[in-house]
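Asks: Would you mind keeping the following structure in view while I ask a few things?
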Amino acid sequence: MSTPLPAKPKTLRDFPRPKVFVPFLAYDWRGDVQSTFSFLDTFARAHVDLAPPIANFQDGVARARNGVTAHFLTKTDAEFIFFIALDVNYGAQDVERILEKMLVHNLDVCAGMYAGKGAALKWIFTVFSEQDRPDPATGLLRAKQVGTDFLCIRRRVFEKIAADKPELKYDFKPTAKETHVHYNFFGMPIHDGELESEDWNFSRLARESGFTCWVDTQTLIPHRGHIYFPLFATLKTEEIFEIVRLRFVDPVRFPLGFDLKAALAAAGTAAPAPPAITAPLTPSPCSSASP
């Protein structure tokens, strides 16, 4: 009788804890309590082995990302670097979902799905064709360009890019007596006549070295910012996410500018009535200015 093959891992907990490096990027030491609490709570719960994190407060996102990536490659033995912006909301389930899909499906670059800050819905990723849709079973969508606000990358991606493009190598000199070797994985060059952002630049370098970038459309990450108008003011977070999901997976039924009440009705959710205004619309001395 033949020995049965071992079962293929299905969830993150079927794997040994993946070792993950999470850098902090914040200009001039600017962060907030919410982002710090999210980090501590998430990685206390998540099924990961967290490499000692570092913070980088250099003036310039491209140089900062290159710096923490150099640390990841030379000072840690982590398999993954996970970029998480200080102005997004997330939890252990979001980190685990991304890592689970990377391990189960052997992905190299995978981002959560988040939108830019503004009244118009604009996802921070691009696809190759308007007909591209997520895989219905996994929610994974092949992307042309991905943002870095919730992005996980395997070590081998940087190793391959560095081997393919030695011209990206440069010396970083934090002091007159120090020199560190960095690679411009997150540059801001002129490409096709336009200034390329550091996240779009990394995506292109990864593609040119044979890697595929993915977006997990099942991992919706709220992007925090200040809103000074009643956008979705009476809706719960889960209702907003349902509207976003409907718009993304079925743009024909729910085109840009679709009726909010109709979308909620289709989702089986009723919009709550606006609250009665019984007091002046001014914050109390103890209220937070953040949304």
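Counting in the numbering used here, the sequence shown tops out at residue 293, every number present.
Even for Gly, the Cβ is constructed at its ideal location relative to N, Cα and C.
Computed from a predicted structure; not experimentally measured.
1) In three-state terms, what does DSSP make of A113?
2) Are V111 and L153 closer than 9 angstroms when you measure CB to CB?
3) Give the range of the alpha helix (DSSP H) segment to which Q36 is assigned.
4) Helix, strand or coil for D96? Go by DSSP, reduced to three states.
5) Could you tell me which residues DSSP pairs with D201 in its beta bridges?
6) What does the Cβ neighbour count give for F231, buried or exposed, with the cut at 16 atoms within 10 Å?
7) Just to confirm, are A113 and F130 a CB contact at a threshold of 9 angstroms?
8) Which of the three DSSP states is assigned to G73 in this structure?
9) In chain order, what residues of the same chain lie with their CB nearer than 8 angstroms to the CB of K162, ignoring the 5 residues before and after it?
10) Going along the chain, which unbroken runs of the beta strand (DSSP E) with 3 or more residues stay wholly within the stretch 98-165?
11) Would you kindly work out how many angstroms separate the C-alpha atoms of Y172 and A145, rounded to a whole number?
12) Within the continuous beta strand (DSSP E) that includes D299, where are the two ends?
13) Could you check what DSSP says for N68 in three-state terms: helix, strand or coil?
14) From P136 to H73, what does the alpha carbon distance come to, in whole angstroms?
15) Determine the contact status of R23 and T78, defining contact as a CB-CB distance below 9 angstroms.
16) Using the DSSP secondary-structure output, state which residues sit across from A57 in a beta bridge.
17) I need the straight-line Cα distance from T219 to P176, nearest angstrom please.
18) How far does the beta strand (DSSP E) with H305 in it extend, from its first residue to its last?
19) Taking the alpha-carbon positions, what's the T38 to Y92 distance?
20) If I follow the unbroken beta strand (DSSP E) through T219, where does it start and stop?
21) Does the Cβ-Cβ distance between L27 and V63 come in under 9 angstroms?
22) Would you identify the three-state DSSP class for D16, choosing helix, strand or coil?
23) Quick one, which of N186, T140, R15 and R67 has its alpha-carbon nearest H107's?
24) Where F82 and R158 are concerned, what is the direct C-alpha to C-alpha distance, given to the nearest angstrom?
25) Indicate whether F84 and R67 have their beta-carbon atoms separated by less than 9 angstroms.
26) Excluding the five sequence neighbours on either side, which residues of its own chain have a C-beta within less than 6 angstroms of the C-beta of L170, listed in chain order?
27) I need the straight-line Cα distance from S289 to V183, nearest angstrom please.
28) Below 9 angstroms between beta carbons: does that hold for E180 and G189?
29) Do S205 and Q147 have their CB atoms nearer than 9 angstroms?
30) Note down the Cα distance separating R19 from G195, rounded to an integer number of angstroms.
Replies: Concretely, from the data shown:
1) In the structure shown, A113 adopts extended strand secondary structure according to DSSP, grouped into three states.
2) Yes, these two residues count as a Cβ contact at 9 angstroms.
3) For Q36, the uninterrupted alpha helix (DSSP H) run begins and ends at V35 to R47, by DSSP.
4) DSSP, reduced to helix, strand and coil, places D96 within a helical segment of the structure shown.
5) None; D201 has no bridge partner.
6) Caution applies to F231, whose pLDDT of 47 falls short of 50 and renders its modelled position unreliable; the value that the coordinates give is listed next. Exposed: under 16 other Cβ atoms inside 10 Å.
7) Cβ atoms of A113 and F130: not closer than 9 angstroms.
8) The residue you asked about is not Gly; residue 73 is His in the sequence shown. Residue state, collapsed to three classes: helix.
9) Here the set comprises S211, G212 and F213.
10) If we require 3 residues or more, the beta strand (DSSP E) runs fully inside the stretch 98-165 come out as 111-115, 142-145 and 152-156.
11) Between the alpha carbons of Y172 and A145 lies a gap of roughly 29 angstroms.
12) Examination of residue 299 is not possible in this model, given that the chain is present from 3 through 293 alone.
13) Helix, per DSSP.
14) Approximately 34 angstroms between the Cα atoms of the pair.
15) It is worth fixing the name first, because residue 23 is Phe in this sequence and not Arg. Yes.
16) In DSSP, A57 forms a bridge with F26.
17) Rounded to whole angstroms, the gap between the alpha carbons of T219 and P176 is 39 angstroms.
18) Outside the shown range of the chain, which is 3 to 293, sits residue 305, and nothing can be said about it.
19) Approximately 11 angstroms, taken between the alpha carbons.
20) Residue range C215 to L222 is occupied by the beta strand (DSSP E) that includes T219.
21) Against a cut-off of 9 angstroms, the Cβ pair of V63 and L27 comes out as a contact.
22) D16 falls in the helix class under three-state DSSP.
23) If we check each option's Cα against that of H107, T140 comes out closest.
24) Whole-angstrom Cα-Cα distance: 9 angstroms.
25) It is not a contact, given that the beta carbons lie outside the stated cut-off.
26) Shown here for L170: same chain residues with a beta carbon closer than 6 angstroms to its own, the five before and five after excluded, namely Y185 and N186 in chain order.
27) Here the model assigns S289 a pLDDT of 33, short of 50, so the residue's position is not dependable and the matter cannot be decided.
28) For E180 and G189, no; Cβs fall outside 9 angstroms.
29) Against a cut-off of 9 angstroms, the Cβ pair of Q147 and S205 comes out as a contact.
30) If you take the alpha carbons of R19 and G195, they lie about 44 angstroms apart.
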